[in-house]
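Residue numbers (our numbering): 245 to 490.
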């Protein structure tokens, strides 16, 4: 049994917000079979941060999408706050994502026709939060990420760093149990990337949201509480101190 598998089994259920158990992903095309993920098991506790590194094409994004219920596993299970994703209807799975998960991508995916405030409000409105309350919560968080003076601006009027900070606010506005980030700073220069990472870690401490981030930057990855590497479809937990020296 791997170290990450043992950790997944030993953590107290009440502390765990996301758990993967023997997750596998296989693609088949004719006689060709590609094993992307093999028996991936780990869990993340409330408020914990974790990074996943690995070469391009190793399945990092595939794993993240399975963890978020955006893709299905060939085998194994993913639990979010005690609910097994594969056992839920499409509607229930969508409700669980809206309630318990936040997503940040390399590209901000803000809707261009809406302002920063309107974009950040949307997860709350989908949940059924009254408009006035949603606007108040979104305004507060946009101020927290340094965009108080930019809330009425549309994405095309914001800089790259500002757009990504708005995306961070959108992911956190519902106070989710866990945020999944797929190369969230991959489209930014070094200075803006460092600022967005600092922001995510600061909000993680304040809100208590767990973070699982896929990144190619091992230096930044080593700043998470835990660091994993995906190699050959198998998830390995790394020594952060040693990894930061690579």
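Note that CB positions come from ideal geometry on N, CA and C, so glycine has one too. The structure presented is a predicted model; accordingly, all values stated were derived computationally and were not measured.
When secondary structure is reduced to three states using DSSP, residue 471 falls in the strand class. Residue state for residue 311 is assigned as helix, using DSSP reduced to three classes. The beta carbons of residue 297 and residue 471 sit closer together than 8 Å. Between residue 381 and residue 375, the C-beta gap is not smaller than 8 Å, which leaves the two residues out of contact. Residue 426 holds the alpha-carbon nearest to the alpha-carbon of residue 314 among 426, 417, 446 and 352. Inter-residue distance for residue 279 and residue 397 is about 45 Å (C-alpha atoms, whole angstroms).
For the options 477, 286 and 481, the alpha carbon positioned closest to that of residue 306 is the one of 477. Non-local C-beta neighbours of residue 272 in its own chain, meaning closer than 8 Å and more than five positions away in sequence, comprise 278, ordered along the chain. Annotated as distal: residue 417 and residue 428, with beta-carbon spacing of 8 Å or more.
With a cutoff of 8 Å on beta-carbon distance, residue 261 and residue 454 are scored as near each other.
Within the same chain, Cβ atoms closer than 8 Å to the Cβ of residue 422 are found at 261, 262, 288, 324, 344, 345, 346, 453, 454, 455 and 456, the five residues on either side in sequence being excluded.
By the neighbour-count definition (other C-beta atoms within 10 Å, threshold 16), residue 341 is a buried residue.
Under DSSP, the beta-bridge partners assigned to residue 265 are 321.
Taking C-beta atoms as the reference points, residue 394 and residue 406 count as a pair closer than 8 Å. In the displayed model, residue 294 falls within a strand according to three-state DSSP. With fewer than 16 other Cβ atoms inside 10 Å of its own Cβ, residue 316 counts as exposed.
Taking 8 Å as the cut-off, the Cβ atoms of residue 474 and residue 318 do not count as close. DSSP places residue 440 in the helix class (H, G or I) of the three-state scheme. In the displayed model, residue 285 falls within a strand according to three-state DSSP.
Scanning 410, 275, 355 and 265 for the CA closest to the CA of residue 389 turns up 410.
Going by DSSP, residue 466 is part of no alpha helix (DSSP H) at all; its letter is neither H nor E. DSSP places residue 453 in the coil class of the three-state scheme, outside both helix and strand. Under the DSSP assignment, residue 362 falls outside any beta strand (DSSP E), being part of the alpha helix (DSSP H) whose first and last residues are 360 to 371. Within a 10 Å sphere around the beta-carbon of residue 328 sit fewer than 16 other beta-carbons, which makes this residue exposed.
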